Every structure is written in structure tokens, then in C-alpha cells.
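Our numbering puts the first residue of the sequence shown at 2, with every later residue one more than the last.
Glycine included, each C-beta is placed from N, C-alpha and C at the ideal position.
Note that this is a predicted model, so its numbers are computed, not measured.
Report on one structure; see the data block that follows.
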Amino acid sequence: MATLDSSRATSRSLDLVPPLTSVAAVRLLVLRNFTVYRRQWKLFVTGFFEPFFYLLSIGIGVGSLIDGFTFNGRVIDYASFVAPGMLAASAFNGALIDMTFNVFFKLRFTKLYDQILATPMSTTDIARGEIAWGQLRAGVYAAVFVVVMGAMGMLHSWWAVLALPASLLIGFAFAAVCMGLTTYMKSWQDFDKITLAQLPLSLFSATFFPVTAYPDAIRWVVEVTPLYRGVVLCRELTTGAVSMASVWSVGYLVLMGIAGLLLVRKRLDLLLLK
């Protein structure tokens, strides 16, 4: 009889436990990643320095040898042209690093996601939580970079306050797509493909020179690449040269992020629930 009463009491207590909401699941996964990186903060910080050094060496160093030029009808100096490009690249790199190497390790070696599925969380929760973390990491890099740009006098419009939300959008888009593509990787050698895509995107997305420098046959290809849309969006905001192209860039990145999220959910269902 005592055993029966105990079972009933346990059942009632479990009924009082609220179900795990999507927001709570995302928060727990972000908190888990934060706890891990708190012990590896040096690894986290290094992701900021590459674009910052590019800004110092190319934006300021090379910029001292180049006269100002016109962007969307506004004359700006070379450093102010390069800086928002590096801002977008900083968000891109932050999302890419976390959503490729780290996700691959969790998925293929530690089997972390298999363990998470033993809890009330679902594959959708995993996708949202990891992408939110990648977006947050990209946002941290971008926030520091915006402060540096402001201190160096490279923000020329009040539109620049939207540069941080724009960077978060870039982080969301690339985090979702990169995580989705990582689920197809089977070995560390596959990361050569990541480098093969990362370097050209960083160098040829109008980060260091105007897209008008390309021949027409190549220019349209560059203009439909995702990092270019992020670069031009940040550049328009920090210089105040906002146009309808800014709306097109926002729509492009939103759709890219949603498509990536759907891909991640589908792939995790296939890999973890088969």
C-alpha cells in the first residue's frame, strides 16, 4: 500500500513539472556552450583578431596610399570602406568556426546530440540552440568590432546603430547553413572544402575593393553570394548610403537562415532518429 501511495505521489509531482519549452531548450543549450567556452576563452577571443589585423594592415596601412572614392554617391576613405566589410567577415568567421569544427566534433565523436535526445529536447531544439549560439558568437565579435570602428571614426551615420543587428542576421544565416552542411561531413579531411569556400568568400565579396572592379560577367556572380550581401548591408549602414539594395540583402539573409534551419532539422532527424 505504501508503495502504491509513493508511486501516486511521484506521478503527481511529475505532472507538476512544466514541459520544456522551445525557448527554455535554446537557453539551456546556449548556457551549456557558454559554460564550456568560459574555460576556453582564449579560443573564443582569437576569432576576433583576424579581421581586426586585416583592418589595421589593409584598411589603414594600404588605405594611407589610396585616395577616397565614391560609394553609393558618397565619398569615403578607404579604411571606412574596408571596415564594414571586415565587420561582416567577423560575423561570418564566428558563425563558421562554431558551426563546422565544433558541431562536427559533437556529432561524430562525443555523440553529444545523441545524449541530448535522451532528455526532453528534440532535434529541432538542438538545431535552434546551436544556431542561436553560433549567432551569439558572431554577434559578440561584431559588437567589439563596431566599438573599434566607432573609436577610430569609421561610423559616418546614425544608421550605424543597425550594424549590430545586421551582423546578428549574418551570423544567423551562416550559422544555419554551415551547421546543415557540416552534417554531411564524414571525416576531418572534409574541412578542406570549408577552407576552399571560406577564403574566396572572404577575399572576393567586395570586402577590399568595390564590386564595380569586376567585369560584368563576374560581377553578377559576386552580387548573389551570401557574404557579399552581408558586406554591402553593413557598408550601407555604416556610411549612411542606405538604399533598396539594403532591403534585398536583409531578405536574402533571412531566407538563407530559414533554409539552413530547415536543412539542419531534416539532417538531424535522419542522422539521430533513424
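Unbroken beta strand (DSSP E) runs of length 3 or more, entirely within the stretch 73-124: which are they?
-> 75-77
Whether residue 89 touches residue 202 by CB criterion (8 Å) = Looking up residue 89 in the sequence shown gives position 88. Looking up residue 202 in the sequence shown gives position 201. No, they are not a contact pair.
Can you tell me which of 73, 75, 81, 76 puts its alpha carbon nearest to the alpha carbon of residue 62?
-> Mapped onto the sequence shown, residue 62 falls at position 61. Out of 73, 75, 81, 76, 81 has the C-alpha closest to the C-alpha of residue 62.
Please report how far the alpha carbon of residue 166 lies from the alpha carbon of residue 86, in whole angstroms.
-> The residue labelled residue 166 in the question sits at position 165 within the sequence shown. The residue labelled residue 86 in the question sits at position 85 within the sequence shown. In a straight line, the C-alpha of residue 166 is about 15 Å away from that of residue 86.
Starting from residue 221 and walking both ways along the alpha helix (DSSP H), at which residues does that stretch end?
-> Along the sequence shown, one-based indexing puts residue 221 at 220. Per DSSP, residue 221 belongs to the alpha helix (DSSP H) from 217-224.
Residues of its chain near residue 136, where Cβ-Cβ distance is below 8 Å and the 5 sequence neighbours each way are ignored | Counting from 1 along the sequence shown, the entry for residue 136 is found at position 135. Closer than 8 Å at Cβ, skipping near neighbours: 96, 169, 172, 173, 176.
Would you report the Cα separation of residue 146 and residue 206, rounded to the nearest angstrom?
-> Taking the first residue of the sequence shown as position 1, residue 146 is located at position 145. Taking the first residue of the sequence shown as position 1, residue 206 is located at position 205. Their backbone Cα atoms lie some 19 Å apart in a straight line.
Counting only the same chain and skipping the five closest in sequence on each side, list residues whose C-beta sits under 8 Å from that of residue 5.
-> As a first step, residue 5 must be located in the sequence shown, where it is residue number 4. Confidence is the limiting factor: at residue 5 the pLDDT is only 43, short of 50, which leaves the residue's position unreliable, though a coordinate-based value still follows. Closer than 8 Å at Cβ, skipping near neighbours: no residue.
State the start and end residues of the unbroken alpha helix (DSSP H) segment that holds residue 267.
-> Position 266 of the sequence shown, counted from the start, is the residue given in the question as residue 267. Its alpha helix (DSSP H) spans residues 245-273.
For residue 78, the nearest candidate out of 268, 243, 132, 239 (CA to CA) | Along the sequence shown, one-based indexing puts residue 78 at 77. When only C-alpha atoms are compared, the closest one is 239.
Out of 36, 101, 242, which has the shortest C-alpha to C-alpha gap to residue 199?
-> For this step, residue 199 is matched to residue 198 along the sequence shown. Checked all of 36, 101, 242; the closest Cα to residue 199 is 101.
Local Cβ density within 10 Å of residue 185, reported as buried at 16 or more and exposed below that | By one-based count along the sequence shown, residue 185 stands at place 184. Exposed, by the Cβ-count rule.
Starting from the C-beta of residue 255, find all residues in its chain whose C-beta is less than 6 Å away, skip the five residues before and the five after it, and write them out in chain order.
-> In the sequence shown, the residue the question calls residue 255 occupies position 254. No residues qualify anywhere along the chain.
For residue 71, three-class secondary structure by DSSP | Locating residue 71 in the sequence shown gives position 70, counting from the first residue. Strand at residue 71.
Let me know the secondary structure DSSP gives residue 209 once reduced to three states.
-> The residue labelled residue 209 in the question sits at position 208 within the sequence shown. Coil, per DSSP.
Going along the chain, which residues of its own chain have a beta-carbon closer than 7 Å to the beta-carbon of residue 91, five neighbours each way excluded?
-> Along the sequence shown, one-based indexing puts residue 91 at 90. The residues are 49, 52, 142, 143, 146.
Thinking C-beta only, is residue 266 closer than 8 Å to residue 124?
-> Position 123 of the sequence shown holds residue 124. Position 265 of the sequence shown holds residue 266. Closer than 8 Å, so yes.
Going by CA-CA distance only, name the one from 71, 21, 183 that's closest to residue 268.
-> Here residue 268 refers to the residue found at position 267 of the sequence shown. Comparing Cα-Cα distances from residue 268 to each of 71, 21, 183, the minimum goes to 183.
When the Cα atoms are used, what is the spatial distance from residue 289 to residue 93?
-> There is simply no residue 289 to check, as the chain begins at 2 and stops at 275 in what is shown.
Would the beta-carbon of residue 181 fall within 8 Å of that of residue 30?
-> Along the sequence shown, one-based indexing puts residue 181 at 180. Along the sequence shown, one-based indexing puts residue 30 at 29. No, these two residues do not count as a Cβ contact at 8 Å.
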